[in-house]
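Read the structure below first, then the notes.
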Amino acid sequence: MINQEFKAMLSNKNVIRNMAEFAAARGKEIGYENVFDFSLGNPSTVVPQEVTDYMIRLLQEKDSLALHGYSPTTGNVLYKEKIAESLNERFGMEYTGNHIFPTTGAAGALAHAVRAVTKPGDEILLFAPFFPEYTPYLTKAGLTMQVVPADTETFQINFDAFEEMLSEKTAAVLINTPNNPSGVVYSEETLTRLAKILYDCSDRYGHNIFLISDEPYREILYQGVQAPFVSRFYDHTLVCYSFAKSLSMPGERIGYVAVNPRCEDAEYIVPMCGQISRGIGHNCPPSFFQIAVAQFPSLTSDIRVYEKNMNLIYDTLMDLNMTCVKPDGTFYIFPKAPEEDSIAFCEKAKQYDLILVPGDSFGAPGFFRMAYCIDTEKVERAMPRFRQFIQEGYGTINPA
Numbered sequence: 001m002i003n004q005e006f007k008a009m010l011s012n013k014n015v016i017r018n019m020a021e022f023a024a025a026r027g028k029e030i031g032y033e034n035v036f037d038f039s040l041g042n043p044s045t046v047v048p049q050e051v052t053d054y055m056i057r058l059l060q061e062k063d064s065l066a067l068h069g070y071s072p073t074t075g076n077v078l079y080k081e082k083i084a085e086s087l088n089e090r091f092g093m094e095y096t097g098n099h100i101f102p103t104t105g106a107a108g109a110l111a112h113a114v115r116a117v118t119k120p121g122d123e124i125l126l127f128a129p130f131f132p133e134y135t136p137y138l139t140k141a142g143l144t145m146q147v148v149p150a151d152t153e154t155f156q157i158n159f160d161a162f163e164e165m166l167s168e169k170t171a172a173v174l175i176n177t178p179n180n181p182s183g184v185v186y187s188e189e190t191l192t193r194l195a196k197i198l199y200d201c202s203d204r205y206g207h208n209i210f211l212i213s214d215e216p217y218r219e220i221l222y223q224g225v226q227a228p229f230v231s232r233f234y235d236h237t238l239v240c241y242s243f244a245k246s247l248s249m250p251g252e253r254i255g256y257v258a259v260n261p262r263c264e265d266a267e268y269i270v271p272m273c274g275q276i277s278r279g280i281g282h283n284c285p286p287s288f289f290q291i292a293v294a295q296f297p298s299l300t301s302d303i304r305v306y307e308k309n310m311n312l313i314y315d316t317l318m319d320l321n322m323t324c325v326k327p328d329g330t331f332y333i334f335p336k337a338p339e340e341d342s343i344a345f346c347e348k349a350k351q352y353d354l355i356l357v358p359g360d361s362f363g364a365p366g367f368f369r370m371a372y373c374i375d376t377e378k379v380e381r382a383m384p385r386f387r388q389f390i391q392e393g394y395g396t397i398n399p400a
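Residue numbers for the sequence shown follow the working numbering, beginning at 1 and rising by one.
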């Protein structure tokens, strides 16, 4: 008999992917250029030319066995050292290569990090709004997931609810900053308060509560915003990162776990991750991309288009008197829908060929996400259609 648990998941697929599939099918009917698809967070800027050029040189000049053979269990040494050097230089940390574990993207990083610092049956807390795939990531690791309700005024942490939900069963806390879907960056004030609470509760419960920080959007920031480096605030932090967004390389599945050198049992966690790989098969990210990315640990693609797109959408939302926290970064925006049922709202939007994602699966019913990593020309064409949808369906106090 096939596994009934995973069979049941077929009827509850990722809502983002469902919307993207609808957009693709609609595109076959009317031309995809006429579908305003804000569903999927697939980077739309090109890989930096120097990265492409370097990869070509590697393929032409380097030994193919070295480029394409298995990497060591705990990763390519050069990649690990270059990541550590970059983090130390940029954020004042003290990593060595021994604190870096290469992974197949941020998903692979999370798969290892949660298993390194929890065991089945433990509780892990996270904050709404959150990336919907956290649910299978965590529950399939045997964890009990506790979601702290969102502070919808700011999308910083709802500390009152958080402190009430912490308990001696809490093994870890998962955060995502800059945040998908809100685009908000957790402030220094937020991270300082979070760290104090975790230190206090760790002392109270007699065990360290680990902090797992999911940071694939760390480099995509707007208007001079800086993203505080989470590990500087709390010792027992594991950072999960991916080059998918910063270098526009999601298909290459290359990321890492960075274990704070001051973390409890820091010297064991990377070797443990190598053993975790044996159990989940999420091991040895591509050798070629470890070697290539090692030369560009701090580089980004041209991300200016994302801020331009964000401002086009945000200005339209404000002109329509809609409620929205302005993003600090990422390529997502998370407005409040003009009706309580955001699923119904997004279904109605389809009639205008606007593909939006309801906020329910992000833990924030009544909101919706727009991924604006698309051509600016298409965003510009989408805004009159969006305005038409809102005005015809809901009216507006200040029509343009």
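Think of the CB as a built atom: it goes at the ideal place given N, C-alpha and C, for glycine as much as any other residue.
Proximity of residue i and residue j at Cβ, strictly below 8 Å
i: Cys240; j: Ala106; result: yes
i: Asn309; j: Tyr222; result: no
i: Tyr332; j: Arg385; result: no
i: Phe101; j: Val225; result: no
i: Phe288; j: Leu65; result: no
i: Ile175; j: Asp214; result: yes
i: Phe127; j: Ile83; result: no
i: Leu125; j: Ala292; result: no
i: Tyr79; j: Gln275; result: no
i: Thr177; j: Ala227; result: yes
i: Tyr234; j: Leu211; result: yes
i: Arg26; j: Val35; result: yes
i: His236; j: Glu267; result: no
i: Ala364; j: Thr154; result: no
i: Ile303; j: Thr45; result: yes
i: Asn42; j: Pro335; result: no
i: Gly97; j: Glu123; result: no
i: Tyr202; j: Pro129; result: Residue identity differs from the one stated: residue 202 is Ser in this sequence, not Tyr. No, the pair does not count as a contact, with Cβ atoms beyond the cut-off.
i: Ala382; j: Asn76; result: no
i: Pro285; j: Thr74; result: no
i: Gly366; j: Glu340; result: yes
i: Ile197; j: Glu163; result: yes
i: Phe159; j: Arg193; result: yes
Cross-strand partners of residue i (DSSP beta bridge)
i: Tyr256; result: Pro102, Tyr241
i: Arg369; result: Val357
i: Val325; result: For Val325, which the question treats as bridged, DSSP gives no partner whatsoever.
i: Lys336; result: Phe367
i: Thr170; result: Glu123
i: Asn176; result: Asp214
Residues of its chain near residue i, where Cβ-Cβ distance is below 6 Å and the 5 sequence neighbours each way are ignored
i: Gly255; result: Thr103, Gly105, Ala106, Ala109, Tyr241, Ser242
i: Glu380; result: none
i: Arg387; result: none
i: Asn260; result: Ser231, Asp235, Thr237
8 Å Cβ shell around residue i - same chain, five flanking residues per side excluded
i: Tyr314; result: Cys324, Lys326, Pro327, Ile333
i: Leu356; result: Met19, Phe38, Ser39, Phe345, Cys346, Ala349, Phe368, Arg369, Met370
i: Arg232; result: Phe91, Gly92, Met93
i: Ile30; result: Asp353
Cut-off 7 Å between Cβ atoms - residues of its own chain near residue i, not counting five sequence neighbours on either side
i: Thr376; result: Val305, Lys308, Asn309
i: Tyr217; result: Pro178, Asn180, Lys245, Gly329, Thr330
i: Ile280; result: Ala111
i: Gly142; result: Pro120, Gly121
i: Ile343; result: Pro358, Asp360
i: Gly69; result: Ser287
i: Ala337; result: Phe345, Gly366, Phe367, Phe368
Only counting runs of 3 or more residues, tell me where the beta strand (DSSP E) segments fall wholly within the region 135–162, in order along the chain.
-> 144–148
Is the region 166–176 touching the region 350–368, taking contact as three or more C-beta pairs under 8 Å?
-> no
Can you list the alpha helix (DSSP H) stretches of 4 or more residues lying completely in the region 15–57, in chain order?
-> 15–30
Unbroken beta strand (DSSP E) runs of length 3 or more, entirely within the region 186–256: which are they?
-> 210–214, 237–242
Please confirm if the region 130–140 is in contact with the region 110–121, defined as three or more CB-CB distances below 8 Å between the two stretches.
-> yes
Touch check for the region 144–158 and the region 297–311: three-plus C-beta pairs under 8 Å?
-> no
Start-end ranges of the alpha helix (DSSP H) lying completely within the region 267–300, minimum 4 residues | 287–293
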